[in-house]
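Residue numbers (the numbering used here): 19 to 228.
Even glycine gets a Cβ: it sits at the ideal position worked out from N, Cα and C.
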């Protein structure tokens, strides 16, 4: 019976893995087409920066390594999936406010995202999971450097492509980021290897602040 349950759980995990990969591929493809069409109509550098940002996420996710353990909590899974896919729904071509500030925020966000991605290697995933603790590079400064990069990039995007739809999507995405931080840390706190890391690196999201 126990063997059957373990096998069933492994099959379910594999199915979720393949389904999420396929869904991400389709959404990213639609996202890329929409943004590239907008760029060809009205070339704006922020569009290319944002495509690069989401390409990094997609690549890391599609090449992620298998988890040691993973959360089976439905709410955790829902928030994680929402937080990953929502940014792909942003629509370019809105009103431009604070263009230079937006470009700076997005550029800094992508640069730090690349650094964080190199630190993370293949340990990026959607659902809270133990894929091995990371304490090098950007993870020496804050516990969730990738989310910090998203915060910078999405904020930059909203001020150079403002619309009510993008604003509502931005607010909900940022809210989901904070929820994801909590659900991920609640899951990882149960794993002894992470307790020392949490004590050593005090800030979760914003260096020296939070």
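_I need the DSSP call for residue 116, collapsed to helix, strand or coil._
coil
*Can you list, in chain order, the residues of its chain whose CB lies under 7 Å from that of residue 211, leaving out five sequence neighbours each side?*
151
*residue 56 to residue 178 span [Cα, whole Å]*: 13 Å
_Taking the alpha carbon of residue 58 as the reference point, which residue from 111, 207, 171 has its own alpha carbon closest?_
Nearest option by C-alpha distance: 111.
*What distance in whole Å lies between the Cβ atoms of residue 222 and residue 133, which are believed to be in contact at a cut-off of 8 Å?*
Incorrect: roughly 18 Å between the Cβ atoms, too far for contact.
*Give the DSSP-derived three-state secondary structure of residue 217 in the structure shown.*
helix
*Going by the CB atoms, is the gap between residue 104 and residue 47 shorter than 8 Å?*
no
*Which of the three DSSP states, helix, strand or coil, is assigned to residue 180?*
Strand at residue 180.
_Do residue 64 and residue 127 count as a contact pair if the criterion is CB distance below 8 Å?_
no
*Thinking C-alpha only, which one of 208, 214, 194, 226 is nearest residue 95?*
194
*Give me the Cβ distance between residue 138 and residue 78, rounded to the nearest whole Å; I'm assuming they're in contact under 8 Å.*
7 Å
*Candidates 197, 171, 157, 164: which alpha carbon is nearest residue 216's?*
157
*How many angstroms separate the CA atom of residue 225 from the CA atom of residue 184?*
26 Å
*Endpoints, the alpha helix (DSSP H) within which residue 92 is located*: 92-103
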